[in-house]
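Okay, structure first, notes after.
Residue numbers (the working numbering): 34 to 377.
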(Lines of atoms letter the chains of each structure in order from A and count residues from 1; the text may use other names and numbers.)
(Lines give C-alpha, C1' and ligand atoms only; values in the text may rest on other atoms or scores of the structure.)
Protein backbone atom coordinates (compact mmCIF):
# COMPACT_ATOMS: atom_id res chain seq x y z
CA UNK A 1 0.00 0.00 0.00
CA UNK A 2 1.26 3.48 -0.86
CA UNK A 3 0.96 5.91 2.05
CA UNK A 4 2.88 8.72 0.34
CA UNK A 5 1.18 12.12 0.50
CA UNK A 6 -0.08 13.72 -2.68
CA UNK A 7 2.21 16.73 -2.24
CA UNK A 8 5.30 14.53 -2.08
CA UNK A 9 4.25 12.71 -5.24
CA UNK A 10 4.69 16.03 -7.05
CA UNK A 11 8.37 16.20 -6.08
CA UNK A 12 11.00 15.07 -8.56
CA UNK A 13 14.17 13.41 -7.22
CA UNK A 14 17.38 15.39 -7.57
CA UNK A 15 19.03 14.52 -10.88
CA UNK A 16 22.43 15.33 -9.43
CA UNK A 17 21.86 13.01 -6.47
CA UNK A 18 20.65 10.23 -8.78
CA UNK A 19 23.75 10.52 -10.96
CA UNK A 20 25.92 10.62 -7.85
CA UNK A 21 24.35 7.36 -6.64
CA UNK A 22 24.74 5.69 -10.05
CA UNK A 23 28.40 6.65 -10.16
CA UNK A 24 29.28 4.78 -6.98
CA UNK A 25 31.44 1.78 -7.81
CA UNK A 26 32.23 2.96 -11.34
CA UNK A 27 35.92 3.57 -11.96
CA UNK A 28 37.34 6.82 -13.34
CA UNK A 29 34.24 8.92 -12.69
CA UNK A 30 34.97 12.64 -12.52
CA UNK A 31 32.63 14.31 -10.06
CA UNK A 32 31.88 17.95 -10.81
CA UNK A 33 28.46 17.78 -9.26
CA UNK A 34 28.11 18.38 -5.54
CA UNK A 35 28.36 22.02 -4.48
CA UNK A 36 30.97 21.51 -1.78
CA UNK A 37 34.44 23.06 -1.50
CA UNK A 38 37.01 20.27 -1.85
CA UNK A 39 39.39 21.89 0.60
CA UNK A 40 39.89 21.29 4.29
CA UNK A 41 38.27 23.41 6.96
CA UNK A 42 40.59 25.79 8.83
CA UNK A 43 42.60 24.10 11.57
CA UNK A 44 41.67 26.81 14.07
CA UNK A 45 37.99 26.17 13.43
CA UNK A 46 38.39 22.44 13.97
CA UNK A 47 40.28 23.15 17.17
CA UNK A 48 37.47 25.46 18.28
CA UNK A 49 34.95 22.66 17.78
CA UNK A 50 37.02 20.22 19.82
CA UNK A 51 37.34 22.84 22.55
CA UNK A 52 33.59 23.49 22.56
CA UNK A 53 32.92 19.78 23.08
CA UNK A 54 35.55 19.59 25.84
CA UNK A 55 33.99 22.65 27.46
CA UNK A 56 30.70 20.72 27.59
CA UNK A 57 28.65 22.75 25.12
CA UNK A 58 26.78 19.56 24.33
CA UNK A 59 23.27 20.31 25.49
CA UNK A 60 20.25 22.06 24.00
CA UNK A 61 20.53 25.78 23.40
CA UNK A 62 18.11 28.56 22.48
CA UNK A 63 15.83 27.85 19.52
CA UNK A 64 17.02 30.91 17.52
CA UNK A 65 20.61 29.82 18.05
CA UNK A 66 23.51 30.28 20.44
CA UNK A 67 23.52 33.94 21.46
CA UNK A 68 27.27 34.31 20.96
CA UNK A 69 26.96 33.17 17.36
CA UNK A 70 23.98 35.40 16.65
CA UNK A 71 25.99 38.32 18.00
CA UNK A 72 28.91 37.36 15.75
CA UNK A 73 26.55 37.19 12.75
CA UNK A 74 25.13 40.66 13.37
CA UNK A 75 28.69 41.97 13.71
CA UNK A 76 29.56 40.36 10.37
CA UNK A 77 26.89 42.38 8.57
CA UNK A 78 28.14 45.58 10.21
CA UNK A 79 31.73 44.82 9.23
CA UNK A 80 31.10 43.49 5.72
CA UNK A 81 28.29 45.75 4.54
CA UNK A 82 28.22 48.71 6.92
CA UNK A 83 24.63 48.05 7.97
CA UNK A 84 23.42 48.36 11.54
CA UNK A 85 19.89 46.99 11.28
CA UNK A 86 20.69 43.35 12.06
CA UNK A 87 19.77 42.30 15.58
CA UNK A 88 19.98 39.06 17.51
CA UNK A 89 16.16 39.02 17.59
CA UNK A 90 16.14 39.00 13.79
CA UNK A 91 18.82 36.31 13.45
CA UNK A 92 18.41 32.54 13.31
CA UNK A 93 20.88 29.65 13.16
CA UNK A 94 19.63 26.59 11.27
CA UNK A 95 20.76 23.20 10.01
CA UNK A 96 22.04 24.45 6.65
CA UNK A 97 20.78 27.24 4.42
CA UNK A 98 18.39 24.83 2.71
CA UNK A 99 16.50 24.37 5.97
CA UNK A 100 15.89 28.10 6.27
CA UNK A 101 14.58 28.26 2.70
CA UNK A 102 12.21 25.41 3.54
CA UNK A 103 11.00 26.97 6.79
CA UNK A 104 10.57 30.42 5.28
CA UNK A 105 8.46 29.09 2.40
CA UNK A 106 6.41 26.91 4.74
CA UNK A 107 5.87 29.91 7.00
CA UNK A 108 4.84 32.45 4.40
CA UNK A 109 3.22 30.54 1.52
CA UNK A 110 -0.43 29.54 1.34
CA UNK A 111 -1.86 27.12 -1.21
CA UNK A 112 -1.80 28.66 -4.67
CA UNK A 113 0.65 31.46 -3.89
CA UNK A 114 3.10 32.14 -6.69
CA UNK A 115 6.87 32.40 -6.28
CA UNK A 116 9.17 34.08 -8.80
CA UNK A 117 12.25 31.92 -9.41
CA UNK A 118 15.01 32.48 -11.95
CA UNK A 119 15.49 29.92 -14.71
CA UNK A 120 17.98 28.24 -14.27
CA UNK A 121 18.17 27.97 -10.50
CA UNK A 122 19.38 25.94 -7.55
CA UNK A 123 17.40 22.72 -7.89
CA UNK A 124 15.79 22.83 -4.45
CA UNK A 125 13.80 26.06 -4.94
CA UNK A 126 10.91 24.78 -7.09
CA UNK A 127 10.61 21.57 -5.09
CA UNK A 128 10.36 23.46 -1.81
CA UNK A 129 7.82 25.84 -3.32
CA UNK A 130 5.72 22.82 -4.27
CA UNK A 131 6.04 21.30 -0.79
CA UNK A 132 4.75 24.57 0.67
CA UNK A 133 1.71 24.51 -1.63
CA UNK A 134 2.99 27.25 -3.91
CA UNK A 135 3.51 27.53 -7.65
CA UNK A 136 6.83 28.36 -9.29
CA UNK A 137 6.78 31.13 -11.89
CA UNK A 138 9.96 31.13 -13.94
CA UNK A 139 11.81 34.39 -14.48
CA UNK A 140 13.77 34.30 -17.76
CA UNK A 141 17.48 35.06 -17.84
CA UNK A 142 19.47 37.36 -20.09
CA UNK A 143 22.33 36.07 -22.22
CA UNK A 144 24.73 36.62 -19.31
CA UNK A 145 22.41 34.81 -16.85
CA UNK A 146 21.10 37.85 -15.02
CA UNK A 147 17.35 38.11 -14.45
CA UNK A 148 15.46 39.72 -17.33
CA UNK A 149 13.94 42.57 -15.34
CA UNK A 150 11.42 43.85 -17.90
CA UNK A 151 10.02 40.39 -18.63
CA UNK A 152 9.80 39.68 -14.92
CA UNK A 153 7.53 42.69 -14.41
CA UNK A 154 5.02 41.05 -16.75
CA UNK A 155 4.91 37.87 -14.64
CA UNK A 156 3.58 39.42 -11.45
CA UNK A 157 -0.08 38.70 -10.65
CA UNK A 158 -2.32 39.16 -7.64
CA UNK A 159 -1.21 35.66 -6.56
CA UNK A 160 2.50 36.48 -6.50
CA UNK A 161 3.83 36.32 -2.93
CA UNK A 162 7.60 35.73 -2.93
CA UNK A 163 10.60 36.72 -5.04
CA UNK A 164 13.64 34.44 -4.72
CA UNK A 165 17.04 35.94 -5.54
CA UNK A 166 20.32 34.01 -5.60
CA UNK A 167 23.46 35.96 -6.37
CA UNK A 168 26.22 34.96 -6.77
CA UNK A 169 24.27 32.29 -8.58
CA UNK A 170 24.16 28.55 -8.32
CA UNK A 171 24.39 27.21 -11.03
CA UNK A 172 25.43 29.98 -13.45
CA UNK A 173 27.96 32.00 -11.48
CA UNK A 174 26.23 35.25 -12.43
CA UNK A 175 26.32 38.36 -10.23
CA UNK A 176 23.87 41.25 -10.54
CA UNK A 177 24.90 44.83 -9.84
CA UNK A 178 23.38 47.04 -7.15
CA UNK A 179 21.47 48.98 -9.81
CA UNK A 180 20.02 45.80 -11.30
CA UNK A 181 19.10 44.39 -7.91
CA UNK A 182 17.50 47.70 -6.97
CA UNK A 183 15.20 47.24 -9.97
CA UNK A 184 14.24 43.80 -8.63
CA UNK A 185 13.64 45.24 -5.17
CA UNK A 186 11.41 47.89 -6.75
CA UNK A 187 9.30 45.12 -8.29
CA UNK A 188 8.91 43.61 -4.83
CA UNK A 189 8.04 46.95 -3.24
CA UNK A 190 5.55 47.91 -5.96
CA UNK A 191 3.76 44.57 -5.64
CA UNK A 192 4.19 43.95 -1.90
CA UNK A 193 6.33 40.83 -2.32
CA UNK A 194 8.48 39.06 0.23
CA UNK A 195 12.11 38.68 -0.89
CA UNK A 196 14.07 35.52 -0.11
CA UNK A 197 17.71 36.30 -0.89
CA UNK A 198 20.06 33.31 -0.95
CA UNK A 199 23.57 34.75 -0.51
CA UNK A 200 25.61 31.71 0.49
CA UNK A 201 28.28 32.43 -2.14
CA UNK A 202 28.82 36.02 -1.02
CA UNK A 203 32.61 35.62 -0.66
CA UNK A 204 33.05 33.97 -4.06
CA UNK A 205 33.23 36.88 -6.51
CA UNK A 206 35.94 37.41 -9.12
CA UNK A 207 37.41 40.04 -11.41
CA UNK A 208 35.52 43.31 -10.93
CA UNK A 209 32.31 41.72 -9.64
CA UNK A 210 31.15 42.62 -6.15
CA UNK A 211 28.51 40.94 -4.04
CA UNK A 212 25.58 43.15 -3.07
CA UNK A 213 23.74 42.30 0.13
CA UNK A 214 20.13 42.70 -0.97
CA UNK A 215 19.01 43.78 2.48
CA UNK A 216 21.23 46.87 2.18
CA UNK A 217 19.28 48.19 -0.83
CA UNK A 218 16.78 50.97 -0.15
CA UNK A 219 13.32 49.53 0.45
CA UNK A 220 14.51 45.94 0.83
CA UNK A 221 15.28 45.25 4.47
CA UNK A 222 11.77 45.19 5.93
CA UNK A 223 10.63 42.64 3.33
CA UNK A 224 13.81 40.55 2.91
CA UNK A 225 14.89 37.28 4.51
CA UNK A 226 18.60 36.75 3.86
CA UNK A 227 19.73 33.12 3.71
CA UNK A 228 23.37 32.31 4.39
CA UNK A 229 25.58 29.38 5.29
CA UNK A 230 28.92 28.52 6.83
CA UNK A 231 29.24 25.51 4.50
CA UNK A 232 30.79 27.46 1.64
CA UNK A 233 32.50 30.15 3.73
CA UNK A 234 34.59 27.81 5.87
CA UNK A 235 34.38 24.54 3.88
CA UNK A 236 32.23 22.72 6.45
CA UNK A 237 29.15 21.53 4.51
CA UNK A 238 28.99 18.40 6.65
CA UNK A 239 28.40 20.52 9.74
CA UNK A 240 25.03 21.62 8.30
CA UNK A 241 25.24 25.13 9.71
CA UNK A 242 23.24 27.90 8.07
CA UNK A 243 21.83 31.18 9.27
CA UNK A 244 19.55 34.00 8.30
CA UNK A 245 18.80 37.62 9.11
CA UNK A 246 15.65 39.68 8.72
CA UNK A 247 13.43 41.95 10.80
CA UNK A 248 12.30 40.64 14.20
CA UNK A 249 8.72 40.83 12.90
CA UNK A 250 9.42 38.57 9.92
CA UNK A 251 11.60 36.29 12.04
CA UNK A 252 9.06 35.54 14.78
CA UNK A 253 6.76 33.21 12.76
CA UNK A 254 9.84 31.54 11.26
CA UNK A 255 11.06 30.81 14.78
CA UNK A 256 7.64 29.44 15.71
CA UNK A 257 7.85 26.99 12.80
CA UNK A 258 11.52 26.22 13.48
CA UNK A 259 10.79 25.30 17.10
CA UNK A 260 8.60 22.38 15.99
CA UNK A 261 11.07 21.13 13.36
CA UNK A 262 14.47 21.47 15.02
CA UNK A 263 14.82 22.39 18.68
CA UNK A 264 18.09 24.11 17.86
CA UNK A 265 21.04 23.72 15.52
CA UNK A 266 23.99 21.74 16.88
CA UNK A 267 25.32 23.52 19.95
CA UNK A 268 29.09 22.81 19.86
CA UNK A 269 29.39 23.78 16.20
CA UNK A 270 27.63 27.06 16.94
CA UNK A 271 30.04 27.82 19.77
CA UNK A 272 33.03 26.95 17.58
CA UNK A 273 31.86 29.24 14.78
CA UNK A 274 31.14 32.08 17.20
CA UNK A 275 34.69 31.88 18.52
CA UNK A 276 36.23 31.67 15.04
CA UNK A 277 34.27 34.06 12.82
CA UNK A 278 36.13 37.28 13.56
CA UNK A 279 39.65 35.93 13.99
CA UNK A 280 42.56 36.77 11.64
CA UNK A 281 42.57 33.11 10.59
CA UNK A 282 38.97 33.38 9.39
CA UNK A 283 39.71 36.48 7.32
CA UNK A 284 42.79 34.87 5.76
CA UNK A 285 40.95 31.65 4.97
CA UNK A 286 38.24 33.44 2.99
CA UNK A 287 40.82 35.40 1.02
CA UNK A 288 42.94 32.33 0.27
CA UNK A 289 39.99 30.20 -0.83
CA UNK A 290 38.73 32.91 -3.17
CA UNK A 291 42.14 33.01 -4.87
CA UNK A 292 42.20 29.23 -5.25
CA UNK A 293 38.78 29.08 -6.84
CA UNK A 294 39.48 31.98 -9.19
CA UNK A 295 42.49 30.11 -10.58
CA UNK A 296 40.40 26.96 -10.93
CA UNK A 297 37.69 28.90 -12.73
CA UNK A 298 40.18 30.15 -15.30
CA UNK A 299 41.50 26.64 -15.93
CA UNK A 300 38.11 24.93 -16.28
CA UNK A 301 36.57 27.63 -18.48
CA UNK A 302 39.57 27.62 -20.82
CA UNK A 303 39.43 23.83 -20.92
CA UNK A 304 35.72 23.69 -21.67
CA UNK A 305 36.01 26.27 -24.43
CA UNK A 306 38.77 24.21 -26.05
CA UNK A 307 36.32 21.33 -26.60
CA UNK A 308 34.48 21.37 -29.89
CA UNK A 309 30.78 22.16 -29.55
CA UNK A 310 31.02 23.48 -25.99
CA UNK A 311 30.82 27.15 -25.11
CA UNK A 312 31.17 28.44 -21.59
CA UNK A 313 30.97 31.98 -20.27
CA UNK A 314 33.42 32.91 -17.54
CA UNK A 315 31.42 33.11 -14.29
CA UNK A 316 32.13 36.04 -11.99
CA UNK A 317 30.72 34.44 -8.84
CA UNK A 318 30.18 31.21 -6.88
CA UNK A 319 32.21 28.18 -7.98
CA UNK A 320 30.15 26.82 -10.86
CA UNK A 321 30.38 26.95 -14.64
CA UNK A 322 27.31 26.64 -16.84
CA UNK A 323 28.49 25.38 -20.23
CA UNK A 324 26.34 25.37 -23.35
CA UNK A 325 26.39 21.85 -24.84
CA UNK A 326 23.65 22.42 -27.40
CA UNK A 327 26.11 22.09 -30.28
CA UNK A 328 27.37 18.68 -29.12
CA UNK A 329 25.79 15.34 -29.98
CA UNK A 330 24.16 15.18 -26.55
CA UNK A 331 20.67 16.62 -26.21
CA UNK A 332 20.77 17.51 -22.53
CA UNK A 333 22.95 17.61 -19.44
CA UNK A 334 21.79 14.23 -18.15
CA UNK A 335 22.70 12.32 -21.30
CA UNK A 336 25.98 14.22 -21.55
CA UNK A 337 26.86 13.31 -17.96
CA UNK A 338 25.82 9.68 -18.34
CA UNK A 339 27.78 9.11 -21.52
CA UNK A 340 30.85 11.05 -20.45
CA UNK A 341 30.89 9.61 -16.90
CA UNK A 342 30.77 13.11 -15.45
CA UNK A 343 28.52 14.35 -12.70
CA UNK A 344 27.70 17.96 -13.51
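Even glycine gets a Cβ: it sits at the ideal position worked out from N, Cα and C.
### Query
Residues in its own chain within less than 6 angstroms of residue 359 by CB, not counting five upstream and five downstream?
none
### Boundaries (first-last residue) of the alpha helix (DSSP H) holding residue 308
For residue 308, the uninterrupted alpha helix (DSSP H) segment begins and ends at 300 to 309.
### Task
Return the bridge partner residues of residue 260 from the DSSP annotation.
231, 277
### Message
Let me check one thing: in DSSP terms, what residues is residue 172 bridge-paired to?
### Response
151
### Query
If you count every other CB in all the chains shown that lies within 10 Å of the CB of residue 292, and 16 or more means buried, which is it?
exposed
#### Entry: Cβ shell of residue 308 (< 7 angstroms), same chain only, five flanking positions each side left out
81
### Task
Ignore the nearest five residues each way along the sequence and tell me which others in residue 180's own chain have a CB closer than 6 angstroms to its CB.
Apart from sequence neighbours up to five positions away, the residues of its chain that approach residue 180 with a beta-carbon distance below 6 angstroms are 151, 172, ordered along the chain.
### Endpoints, alpha helix (DSSP H) assigned at residue 127
Here residue 127 belongs to no alpha helix (DSSP H); instead the beta strand (DSSP E) covers 124 to 127.
### Query
Which term fits residue 175, buried or exposed, when burial requires 16 or more other beta carbons within 10 angstroms of its beta carbon?
exposed
### Task
Kindly confirm or deny that the segment 111 to 126 and the segment 327 to 334 touch, where touching means at least three C-beta pairs closer than 8 angstroms.
Contact between the segment 111 to 126 and the segment 327 to 334 is not established, with fewer than three Cβ pairs separated by less than 8 angstroms.
### Message
Please report the straight-line C-alpha distance between residue 76 and residue 186, rounded to a whole angstrom.
### Response
Between residue 76 and residue 186, the alpha-carbon positions lie close to 47 angstroms from each other.
### residue 357, DSSP secondary structure in three states
In this structure, residue 357 counts as strand in the three-state DSSP scheme.
### Query
Do you know how far the Cα of residue 183 is from the Cα of residue 248?
22 angstroms
### Query
In chain order, what residues of the same chain have a beta carbon less than 6 angstroms from the beta carbon of residue 244, not counting five sequence neighbours either side?
235, 238
### Query
By Cβ distance below 6 angstroms, which residues in the same chain neighbour residue 344 in space, the five residues on each side in sequence not counted?
357
### Message
Please state the DSSP three-state secondary structure of residue 101.
### Response
helix
### Query
Taking the C-alpha atoms as reference points, what is the distance between residue 148 and residue 273?
26 angstroms
### Task
Please go through the same chain and pick out, in chain order, the residues whose beta-carbon is closer than 6 angstroms to the beta-carbon of residue 228, but skip the five residues on each side of it.
Within the same chain, residue 228 has close Cβ partners 196, 221, 256, 257.
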